[in-house]
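Protein chains in written order, with my numbering: chain A, 233 to 506; chain B, 233 to 506; chain C, 175 to 501; chain D, 93 to 348; chain E, 93 to 348.
For each residue, glycine too, the CB sits at the ideal point set by N, CA and C.
What you are looking at is a predicted structure, and each value in this text was computed from that prediction instead of being measured.
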Amino acid sequence: MKRLMNLRPSKATAFFLGVLPFLIIGVFYIVASDLRLAENPNDKLLPSLSSFAEAVDRMALTPSKRTGELLFVNDTSASLQRLGLGVLISAVLALLIGIPLGFIPFVRAGLSPFVAALSMVPPMAILPILFIVFGMGELAKVALIVIGVTPLLVRDLQQRVSEIPAEQLIKAQTLGGSSWTIVLRVVLPQIMPRLFDSVRITLGTAWIFLISAEAIAATEGLGYRIFLVRRYMAMDVILPYVAWITFLAFMIDYLLKKSTQKLFPWYSGAKEKE
Amino acid sequence: MKRLMNLRPSKATAFFLGVLPFLIIGVFYIVASDLRLAENPNDKLLPSLSSFAEAVDRMALTPSKRTGELLFVNDTSASLQRLGLGVLISAVLALLIGIPLGFIPFVRAGLSPFVAALSMVPPMAILPILFIVFGMGELAKVALIVIGVTPLLVRDLQQRVSEIPAEQLIKAQTLGGSSWTIVLRVVLPQIMPRLFDSVRITLGTAWIFLISAEAIAATEGLGYRIFLVRRYMAMDVILPYVAWITFLAFMIDYLLKKSTQKLFPWYSGAKEKE
Amino acid sequence: TKDKFQVAWTIYVGWMPWDYAQQEGIVSKWAEKYGIEIELVQVNDYIESINQYSAGKFDGCVMTNMDALTIPAASGVDSSALIMGDYSNGNDGVILKNKKSMSEVKGLNVNLVELSVSHYLLARGLESVGLSEKDVTVVNTSDADMVAAYSSDEVTAMTTWNPQLSEILTNNKSANLVYDSSKIPGEIIDMLVVNTETLKDNPKLAKALTGAWFEVMSLMKKGDTKALTMMAEASGTDLAGYKSQLDSTMMFYDPSEALKFAQSSALPATMKKVSEFSFDHGILGEGAPNAEFIGMEFPNGDIYGDKKNVKLRFIDTYVKMAAEGQL
Amino acid sequence: MSLITIKNLWKEYGDNVVLEKLTLNIEKGEFCTLVGPSGCGKTTFLKMLLGQERPTRGTFLLDGEIFPDEPSIERGIVFQRYSVFENLTVFGNVMLAMELKESKFLGRLFGAKKAQAKKDALEILEAVGLGSSVNKYPSELSGGMQQRLSIAQSLVNKPKILLLDEPFGALDPGIRADMHALILDLWKKHNLTVVMVTHDLHESFYLGSRLLVFDKVREDVHAPNRYGAKITYDIPIGDGETIMTKLHQTIEKGEK
Amino acid sequence: MSLITIKNLWKEYGDNVVLEKLTLNIEKGEFCTLVGPSGCGKTTFLKMLLGQERPTRGTFLLDGEIFPDEPSIERGIVFQRYSVFENLTVFGNVMLAMELKESKFLGRLFGAKKAQAKKDALEILEAVGLGSSVNKYPSELSGGMQQRLSIAQSLVNKPKILLLDEPFGALDPGIRADMHALILDLWKKHNLTVVMVTHDLHESFYLGSRLLVFDKVREDVHAPNRYGAKITYDIPIGDGETIMTKLHQTIEKGEK
Ligand SMILES: Nc1ncnc2c1ncn2[C@@H]1O[C@H](COP(=O)(O)OP(=O)(O)OP(=O)(O)O)[C@@H](O)[C@H]1O
Ligand SMILES: Nc1ncnc2c1ncn2[C@@H]1O[C@H](COP(=O)(O)OP(=O)(O)OP(=O)(O)O)[C@@H](O)[C@H]1O
Ligand SMILES: [Mg+2]
Ligand SMILES: [Mg+2]
């Protein structure tokens, strides 16, 4: 017999094994739900599959009586817009701060401890101040994501910039580059795919902040809906929403990975990392 | 004139520059606070420095009328225990799951997609289920941290394990190692300092989950206090607590870094990473 | 003077009319009438909305009588209770798991939103059976999680409000309502609070808001199904669910009822209790030397507490105008 | 019987034919050096000897038995890089070799066994010239010292065959000469069987008792993977010739 | 006047004396090769020529003027590794050199200038034998091709001096020979001044028109950093000698 570490499953086996835990969880859920419902048909914690179907039908396929829109579609597009905008702003800020931080010793000396301290501040704890500064509108939700995510991105990018081999920067100088043109032509292009990687890693955090922000002040959005129906413990709505959020997160991650490969064919990091 | 990128501040300049942003924020705060207080002496949003001193005195130095204990000390120790326990359990779980995941192809085939999906589920959204499973006591708070942090650690460790050069694993096999002894003597010792690194990176997330958990149901803890006094907008308590949390996070990060260097002298990663 | 105003509201049975008024253009209709603009901003986090109001972000905000005292008033923001729209008449309650009477709460952990009206209700309930807060342990629990929390074994007692309250009572045979706000009628009041200074400068704001409010009230009194359905949906439930919540809410559909309540002598007595409760729990502000530290003014001109530090004013001016049809 | 018997062996990766119809025997005590152009399958051949890869077709025997199809203790290996465990000291690295070999459950030795292992470890470290660096970590060693350590680690378990894949490729010329002396010395003293891949023709002549040259004999420009490499030369290198003569010949060819 | 004038030059890092009392002139068109034991300060010397480091004391002139104290366009460099930009194609790498030189604000060229640059780039790529790989990324190139690219990148800006720090150290011997031919060819054609550090004595003899040997002459065992390295040999290498003779001599010495 070969060592366990040397045994490799065939493609079919791998697929089957990969699906297995999902199936197990599924079966487990159905059994647990049936048991609870047998005891109390009104139990809301683990609704039956048919309740999910109804809830999805109600939320996704029937226009709201109040506004005539599909709640689910509205929620999704509102949340994705906030998330997208928040992450985009964070990424741009991270470039604007992270590159000088990693590249210019004077900037590093000045900002590095401050950014490190800032990244440790739990944004949830200073919400009142954040809302005063950013208001209660869309801006506030996006701002919470930005405040939560930017320090992480900045620190990662700073690290990545300072990892660019000194040889390359010296070489660029001998070719006549100034600090500015070196940033433009050497640092920025090399750091871009790393930014994509960092964004992928911090996306989970961004979702957490988005959901928190929507729970505090919003009138639509995936997090808002979950928060709204949570008081009634409407798990028939919450669980499909959670599944949907998970799926969206998965897709965004996948798309970012693919675009990294597409946009930066020279960058193998994206491949290695998965 | 040298290029900006080649200019290096002297130690004194670097120190001064490093302190500067903190000073600026400080001055900014004092001015903003004074302006608000001039308008409304009872304003609670940006309290004066003396209110901070009073609040700290009250929370940290005067025993509570109700329990005779120092609130601040109680809160800190409750939160640190939860955080420590949660992170410890996460780390152990991450080792137990991450190593097989990275090391045994069959386990990887079976669990990798599942763990990836799991890491995308926003824990806040499935709180009701967590309450049922873990109850509402200390366990629930620790569990929330564990559930939030473990998937991140697992994915990182899995990655790290699969980055161990194939040469080393082959070499160990030629030396007579079995899958088990190779895990024990090669993989585990090499992965330990990486685990410390990962823990440092995920600590921010752990804090977020701790504070959220304490906001949901608790009788003490830093997050509890912040959410409680938010009910009467006592920023004079909240801001020192935030500063304290930031400081604690800083210290934990620092201690972890130092212990990595101490425990794993052969591991330069810790140094490079900062 | 300005002509654009923002008022924050939160999802709660007694405040859902504001959403309807906004959605259906009733607010803007009334605002137009007085030549101003009013925006009602939905904030999910109730406390955050009051904090923002106290910090000056909003001109008005919905809140309970107790929170009006402990947050804006204690923060030095002079506030006026413009409309007292209803009081809780069973909307807040104490639940015990597998126990049937209030006195059995002794020694239990009670999950509730600390320092909120639930806390106050519990204190009143304990008082009613000769216990005090020392006889229980309060566990601060976020209101959104109450239903889920109830299913957990550790939870044996709870104080909460609707819809969580009825949600728990209907779905759990073990849940017994041992005390509720119908035992203390008129002590938990849901109101619209407006910054006093803004009000003084802009009586139009008060007129428009009061007008809009009582327009919706008249619809509700008629039992307008469309209006009620919309309110139900916005609060995440259905018509039946919303109606059952209304049943335990004493809504003042008529301006005259609201006026009567505002002018009753019970109000100052209630506020005295609330003030004492708040002082006991340290939420009147750290500088407060006693429960009378913050002054409260009532419609008849009486003042409770420090006359030089009047920060909360119950007024009947505009409700009276509504009652007299002068809006 | 030969130590290694190979007959009509093919190795393909999908459509890519890497090795074609190899036939050779390797006897106990031989020092085979393998040279050939990049990508011709030298490493692949070594991987098969190691058990990391299996031949697609053909006979492939070790001591008359089918080759174990995963790395095992009979075949020691030294790679160009990553060959030592950086979390262990020099001493710990050698101890690990014996501990993995002898302790099947904990991967650690205790008591008398440990004492014995310790003695053996220090002995072999002395032999490779690391006697004075036992407590250093690999990161504190030069490249050459790391390779010495890797060799010591492999030798301490007394493998039947020692496999080397460009073990000195990353070293400076001066250090490389030292390593040559060391490996020749160990080969003679322990009567090892060695198979070593190298890029350096000097090295292959200088070290080997037998030189194997791999190369593609047929080439299809349109389908470069259509044909695999074969053994184009299989030269026994007598000890009679002096090193200098070999060297001169090589250089003359190379410089042409 | 000499291109580079060095008189009584010292270089210390704190207490660590690296170079001691160096005095030499380098003329335009010379091909200086630098050899010496590891850690003796060859790279440090090159760094000073590059402007990355400054001498602690002494005269250090370029064309009679004080050396610019940061890297500049007069001095091209080729390192052993990381010498090309992996986010750009072969063509892009050479274009970058010209764009950084000529466009001070955007680091990009347009229109006629761009067309001219394109022509120059293709020309130099042809010269270093990369004419058929212009659209490849560095990761698709072999080590030797990457070094060719790095050389092309430096040469296209016509630096006064070309500095090379073990540029061929990571290459296989066969490829190294090609590179030698290339660099000699370029040196003659463009009349370059070259300073090259190498570990390989063969290389230094074969390539250089002048050989500089750095070494510590005094050594204090208790304080190894007390004394710095000096130039122990400064040998002009005439063209008269044949390559083979030089090589034989070297080998004889080396093998001894
Ligand atoms: N796992 C694999 N899957 C597919 N093809 C492979 C694999 N490993 C090696 N090859 C192919 O086999 C051929 C031989 O590779 P190998 O590494 O044995 O060459 P080599 O002679 O060691 O080359 P070098 O001198 O560069 O080390 C190459 O064409 C390579 O692309
Ligand atoms: N930035 C620095 N700070 C302090 N000491 C340094 C620094 N750079 C180099 N040194 C020291 O200077 C000495 C010479 O180093 P250098 O890199 O120039 O040697 P080298 O001749 O290039 O060696 P090698 O052949 O290994 O490349 C070494 O002792 C080194 O430790
Ligand atoms: Mg190979
Ligand atoms: Mg060097």
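Residue 238 (chain A) belongs to the set of residues whose beta carbon lies under 7 angstroms from a beta carbon in chain D. Taking 7 angstroms as the cut-off, the beta carbon of residue 355 (chain B) is found no closer than this to the beta carbon of residue 477 (chain A). Between residue 264 (chain C) and residue 452 (chain C), the C-beta spacing is not below 7 angstroms. Residues 297, 300, 301, 302, 303, 338 of the same chain have their beta carbon placed closer than 8 angstroms to that of residue 329 (chain E), with the five preceding and five following residues left out of the count. For a cut-off of 8 angstroms, the C-beta gap from residue 229 (chain C) to residue 360 (chain A) is around 7 angstroms, short enough to register as a contact. Annotation for residue 242 (chain D): the continuous alpha helix (DSSP H) segment containing it runs 235-247. With a threshold of 16 other beta carbon atoms within 10 Å, residue 422 (chain A) meets it and is buried. Using beta-carbon distances, residue 478 (chain B) does not count as an interface residue toward chain D, since no partner is under 7 angstroms. Judged by DSSP in its simplified three-state form, residue 472 (chain C) adopts coil rather than helix or strand.
Shown here, residue 307 (chain D) sits in a strand according to DSSP, grouped into three states.
Residues of chain D with a Cβ closer than 8 angstroms to the Cβ of residue 416 (chain B) are, in chain order, 198, 199. DSSP places residue 97 (chain D) within a strand segment (E or B) once states are collapsed to three. Close to residue 410 (chain C), with beta-carbon spacing below 8 angstroms, are these residues of chain A in chain order: 460, 461, 463, 464, 466. For residue 190 (chain D), the uninterrupted alpha helix (DSSP H) segment begins and ends at 182-194. With a cutoff of 7 angstroms on beta-carbon distance, residue 448 (chain A) and residue 314 (chain C) are scored as not near each other. If you draw a straight line from the Cα of residue 415 (chain C) to the Cα of residue 466 (chain A), it comes to about 13 angstroms. A direct Cα-Cα distance of roughly 18 angstroms separates residue 226 (chain C) from residue 364 (chain C). For the C-beta of residue 167 (chain D), the chain B residues within less than 7 angstroms are, from N- to C-terminus, 406. Any heavy atom of ligand 2 counts here; residues with a Cβ closer than 5 angstroms to one of them, in chain order, are E:105, E:110, E:130, E:131, E:132, E:133, E:134, E:135, E:136.
Counting every other CB atom within 10 Å of its CB across the protein chains shown gives residue 376 (chain C) a total of 16 or more, marking it as buried. Taking a Cβ-Cβ threshold of 8 angstroms, none of the residues of chain A is close to residue 397 (chain B); the smallest such distance is about 13 angstroms. Residues of the region 266-280 of chain A with a C-beta atom less than 9 angstroms from some C-beta of chain B are 276, 277, 278, listed in chain order. Between the alpha carbons of residue 325 (chain D) and residue 151 (chain D) lies a gap of roughly 21 angstroms. In this structure, residue 499 (chain C) sits away from residue 481 (chain C), with a CB-CB distance that is not shorter than 7 angstroms. Three or more beta-carbon pairs separated by less than 8 angstroms are not found between the region 321-337 of chain A and the region 416-434 of chain B, which leaves the two stretches without contact. Residue 191 (chain D) does not reach chain A, its nearest Cβ partner there being about 17 angstroms away, counting only Cβ pairs nearer than 9 angstroms. Assignment of residue 172 (chain E) by DSSP, reduced to helix, strand and coil, places it in the coil class. Residues of the region 203-230 of chain D with a C-beta atom less than 7 angstroms from some C-beta of chain B are 229, listed in chain order. Per DSSP, the unbroken beta strand (DSSP E) holding residue 328 (chain D) starts and ends at 321-328. Neighbours of residue 498 (chain B) in chain D, taken as residues at a C-beta separation under 7 angstroms, are given in chain order as 178, 179, 229, 231. For residue 441 (chain B), the nearest beta carbon of chain C is not closer than 7 angstroms to its own beta carbon.
Taking C-beta atoms as the reference points, residue 146 (chain D) and residue 161 (chain D) count as a pair closer than 7 angstroms. Between residue 367 (chain C) and residue 247 (chain C), the C-beta spacing is not below 7 angstroms. Between the region 386-395 of chain B and the region 313-333 of chain B there are three or more C-beta pairs closer than 8 angstroms, enough to call the two in contact. In this chain, residue 159 (chain D) is not harboured by any beta strand (DSSP E), its DSSP state being neither H nor E.
Fewer than three Cβ pairs drawn from the region 267-277 of chain E and the region 426-433 of chain A lie within less than 8 angstroms of each other, which leaves the two stretches out of contact.
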